[in-house]
Amino acid sequence: MTRTAGSPPSSGAGVSSGSADNDVESAAAEAGPAERPAPGARSKRPKPSPVPKKKDPFEPLREALAELRVALAAARFGLSLPSAEEAQRQTTSLVGQLDDYVLPRLARLDAPMLVVVGGSTGAGKSTLVNSLLRAPVSRAGVLRPTTRSPVLVCNPDDAPWFGEAHLLPDLPRAHAVVDGPRLQVVTAPELPPGLAFLDAPDIDSVVDANRDLAGQLLAAADLWLFLTTAARYADAVPWDVLREARERGAAVALVLDRVPPAGQDVVVEHLRQMLVDHGFGEAPLFVVGEQELDRQGLLPETTVAALREWFATLAGDAGHRAAVIRQTLSGAITALHSRIDAIAVQADAQRDAAANLRVAAQNAYSEAWDRVEEGLRDGALLRGEVLARWHELIGTGELTRALETRVGKVRDQLRAAITGRPLPGRKFQAALTSGIGALITASAGDAAEHTAAHWVNHPAGRALLDSPDDRLRLHRASPDLAERAEQLVADWQRWVLELVRHEAAGKRSVARLTAYTVNATGLLVMIGVFASTAFIPTGAEVAVAGGTTVASQKVLEAIFGDRAVRDLAARARQDLLDRVRVLLDDERQRYTDLLHEAGVNPGAGDRLRTASGEVERARVAAGITPTPDALAAIPLPGEGDEEGDEEEVAAEAEQEAGERPGAASEPESEGERAAEEGGTPEGDPASEGDAPEQGDDASDAGVDAAPDSQEPDPDPETSPEAAPDDAAGSSPDDEPAAEPEGDEEGGGEASGKVKRAKTARRKR
2 MTRTAGSPPS
12 SGAGVSSGSA
22 DNDVESAAAE
32 AGPAERPAPG
42 ARSKRPKPSP
52 VPKKKDPFEP
62 LREALAELRV
72 ALAAARFGLS
82 LPSAEEAQRQ
92 TTSLVGQLDD
102 YVLPRLARLD
112 APMLVVVGGS
122 TGAGKSTLVN
132 SLLRAPVSRA
142 GVLRPTTRSP
152 VLVCNPDDAP
162 WFGEAHLLPD
172 LPRAHAVVDG
182 PRLQVVTAPE
192 LPPGLAFLDA
202 PDIDSVVDAN
212 RDLAGQLLAA
222 ADLWLFLTTA
232 ARYADAVPWD
242 VLREARERGA
252 AVALVLDRVP
262 PAGQDVVVEH
272 LRQMLVDHGF
282 GEAPLFVVGE
292 QELDRQGLLP
302 ETTVAALREW
312 FATLAGDAGH
322 RAAVIRQTLS
332 GAITALHSRI
342 DAIAVQADAQ
352 RDAAANLRVA
362 AQNAYSEAWD
372 RVEEGLRDGA
382 LLRGEVLARW
392 HELIGTGELT
402 RALETRVGKV
412 RDQLRAAITG
422 RPLPGRKFQA
432 ALTSGIGALI
442 TASAGDAAEH
452 TAAHWVNHPA
462 GRALLDSPDD
472 RLRLHRASPD
482 LAERAEQLVA
492 DWQRWVLELV
502 RHEAAGKRSV
512 ARLTAYTVNA
522 TGLLVMIGVF
532 ASTAFIPTGA
542 EVAVAGGTTV
552 ASQKVLEAIF
562 GDRAVRDLAA
572 RARQDLLDRV
582 RVLLDDERQR
592 YTDLLHEAGV
602 NPGAGDRLRT
612 ASGEVERARV
622 AAGITPTPDA
632 LAAIPLPGEG
642 DEEGDEEEVA
652 AEAEQEAGER
662 PGAASEPESE
672 GERAAEEGGT
682 PEGDPASEGD
692 APEQGDDASD
702 AGVDAAPDSQ
712 EPDPDPETSP
722 EAAPDDAAGS
732 SPDDEPAAEP
742 EGDEEGGGEA
752 SGKVKRAKTA
762 RRKR
């Protein structure tokens, strides 16, 4: 039903507006008077159901590829391992291929095809592109490298696709001749729509940037047109590039340029064999002979006519173009899985190497902390200068007097200011600071040496320490470590005094402790940190002190209580060890900072495998599977004529074999089969009477008679009785029989022609 002007559109179920009105009215009538619409009121029409949006089958695949791209970009290979450089190159290449080709092409499968012309230095890529278009669109010359900026030639209708950042989005566009990494877009009306040529830099250029750009452009191609010359077709670099194209499943056609006429057959045959050996037996091969260029620098039109015709066939058939694009795209996506697996293995190697180096540093500095802890616990610090200063403090009775003093704090400070007398234990504190600082410095120095020695024996660690400055700095402790260690001890001593003051503030009996008393009490707490009893030293140390230490201990216990004093000593000891741990961690951080700068991501390998698995599942669900060589379906110029000539040669050879004397027809009737067996059918006298004459005719025809023998010749073709009947019964309509075994000269020549024709057909 035709919809009138102003009527609403039909619903997704295909119901017209008229039928919808009838349905509403009938429903209102069935509802009864209460639900019947009022007179003159417009009936409500149902809203058209929304048409469900067709789901894009490639959307999950694009999302999985985008996640894989993020995982690849996050992978780092900063540690110097044997395959790290190759893994980083592969990662960068895959990220570039996803950005430059896979994701844009998957979003627009119907976009124009891009043919990238690549090859060795001086192969004539620019000249070939210009000759195909019959116009100098790409600069050619004798200087190397000539093509510094890639040139893309397309039909004006395809310029919006290539002019915008779809394919190769990170490559800036230019519309004039420029040098550098810019894509020069040139339009050519004579080029058919749907097809574009990109003249790439040399794959073996002496300029690193040109080689990298050539690889980037080839990875973004729907079709590689690979160009080599008769002098360089066996070089290693082109075959490395072709092997990479085969691994990616890319569609490849080849051009052998500058072939001298004298050795063309030999060179072409050798190149074809190399192509077969490397897996390119079905790739189209075009041969361009060595020719003089015209005034515009173009090859003669007849020289490139076959290649132009082949590309015209490709451009004019959307099915062929779609097949080639799908082959390259499916090959690129399918190859991701194995390539990602190889990169993930290298990511795991980076993770393991970083963990090895990190654990070596952690173990060395953990041992250093254990040495400090042991030095605080075994009383080793209470010898030498520290012990001498402690005896001096105890022997003079200054510590005891300080503990027994009950004078005000202000008076103590005033007396110290007037008399210049320091608070008790300053020399002891200085000796303690020096002793603990020396222990920390020695332990940290040993840890630095052990860490550096382990790193030097590891290839990744040796590379991190390769800088002369870093090697000198990281083979020993930090230059300012001794100063920092002494500052650590001084800060700790002040903390102990504050701890004593804080604990005494809540006790009435000691609420008015003077500065002398706090300082003396703090010294007793400090000395308890380094005693094996977790309190003041016993044994020889107490004996030397003449019992003064015991008296001081009693005073301290009277002030704080026995349990509180021991708790203070334990807390002071733990605080000192915590401060030492922080200092040693800072020293170890010098090594871990180097690992952090390398950018190793411990979870990179697992993330890559997960993302690759998602891509593989989405690829299978989307039906993106490797396809056979799409270029094999595109006929080569003159291929049909050559096949017709080959069939004609085969037919002529078969006809010659049938017309040769001695060729017999295949018997079709019972009479012929009987005659072939050595006689005529019974009851046929005419046949018996005619037999001698037929035998004479057969002899005249040159058929050899069988030798005298009582046994019949089992071969019907050489039997004397069968030959006349066959000769008499043969007709032009009969098919030629098999060749006689005795006629080797004529039969061999005909058979050779047939075999050559069939062989040529199979090659095509």
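Position one of the sequence shown corresponds to residue 2 (my numbering), numbered consecutively onward. Note that the Cβ used here is the ideal one computed from N, Cα and C, for glycine as well.
For residue i, which residues from the same chain have a beta carbon less than 6 Å from its beta carbon, with the 5 sequence-adjacent residues on both sides left out?
i: GLN89; result: PHE78
i: THR304; result: VAL289 and GLN292
i: ARG296; result: none
i: LEU465; result: LEU595
i: ARG273; result: none
i: HIS338; result: SER613 and GLU617
i: LEU330; result: ARG106
Using C-beta distances below 8 Å, list every residue in its chain close to residue i, excluding the 5 sequence neighbours before and after it, in chain order.
i: GLN91; result: ARG340, ALA343 and ILE344
i: PRO194; result: PRO113, ASN156, ASP158, ASP159 and ALA316
i: THR335; result: GLY250, ARG620, ILE625, THR626 and PRO627
i: ALA631; result: ALA252, HIS321, ALA324, VAL325, ARG327 and GLN328
i: GLY639; result: ALA307
i: ALA634; result: HIS321 and ALA324
i: LEU134; result: VAL154, ALA189, GLU191, LEU192 and PHE198
i: LEU69; result: LEU99, LEU337, ILE341, LEU609, ALA612, SER613, GLU615 and VAL616
i: GLY298; result: THR128, ASN131, PRO137 and ALA141
i: HIS279; result: TRP240, LEU243, ARG244 and ARG247
i: LEU578; result: TRP370, VAL373, GLU374 and LEU377
Under a three-way DSSP split, which group does residue i fall into?
i: GLY606; result: helix
i: THR93; result: helix
i: LYS56; result: coil
i: HIS279; result: coil
i: GLY1; result: For residue 1 there is no data in the structure shown, the boundaries of the chain being 2 and 765.
i: ALA137; result: Rather than Ala, the amino acid found at residue 137 in this sequence is Pro. In the structure shown, PRO137 sits in coil (DSSP, three-state: anything other than H, G, I, E or B).
i: LEU358; result: helix
i: THR593; result: helix
i: THR442; result: helix
i: SER84; result: coil
i: ASP576; result: helix
i: SER613; result: helix
i: HIS321; result: helix
i: PRO170; result: coil
i: HIS476; result: coil
i: SER367; result: helix
i: ASN458; result: coil
i: ILE625; result: coil
i: GLN297; result: coil
i: PHE779; result: Coverage of the chain is limited to positions 2 through 765, which leaves residue 779 absent and any answer about it impossible.
i: THR128; result: helix
i: ILE204; result: coil
Kindly give me the distance between the Cβ atoms of residue i and residue j, rounded to whole angstroms, as I take these residues to be in contact under 8 Å.
i: VAL117; j: VAL154; result: Rounded, the Cβ-Cβ distance is 12 Å, inconsistent with contact.
i: MET527; j: ALA573; result: 7 Å
i: ASP349; j: GLY606; result: 4 Å
i: TYR102; j: ALA354; result: Between ALA354 and TYR102 the Cβ distance is about 33 Å, and since that is not below 8 Å, they are no contact.
i: PRO58; j: ALA623; result: 5 Å
i: THR452; j: ALA356; result: Going by Cβ atoms, the distance from THR452 to ALA356 rounds to 15 Å, so no, they are not a contact pair.
i: ALA215; j: LEU168; result: Their Cβ separation, rounded to whole angstroms, is 16 Å, which puts ALA215 and LEU168 out of contact at 8 Å.
i: PHE198; j: VAL130; result: 5 Å
i: ALA76; j: LEU489; result: In fact, because the Cβ distance is near 40 Å, the residues do not count as touching under 8 Å.
i: ALA483; j: THR434; result: Going by Cβ atoms, the distance from ALA483 to THR434 rounds to 11 Å, so no, they are not a contact pair.
i: LEU219; j: PHE312; result: In fact, because the Cβ distance is near 18 Å, the residues do not count as touching under 8 Å.
i: ALA237; j: VAL268; result: That pair is no contact at about 18 Å.
Checking the sheet assignment: what are the DSSP bridge partners for residue i?
i: GLN185; result: VAL152 and ALA175
i: VAL116; result: PHE198 and LEU224
i: GLY290; result: VAL260
i: VAL253; result: TRP225
i: THR230; result: ASP258
I'd like the list of long-range same chain contacts for residue i, defined as Cβ closer than 7 Å, with 5 residues on each side in sequence excluded.
i: PRO480; result: none
i: ARG591; result: LEU475
i: GLU248; result: ALA336
i: TYR766; result: Here the chain comprises residues numbered 2 to 765, so residue 766 is not present and cannot be evaluated.
Cβ of residue i within 7 Å of any heavy atom in the ligand FMN?
i: LEU134; result: With respect to small molecules bound, the structure shown includes none, and the ligand FMN cannot be examined in it.
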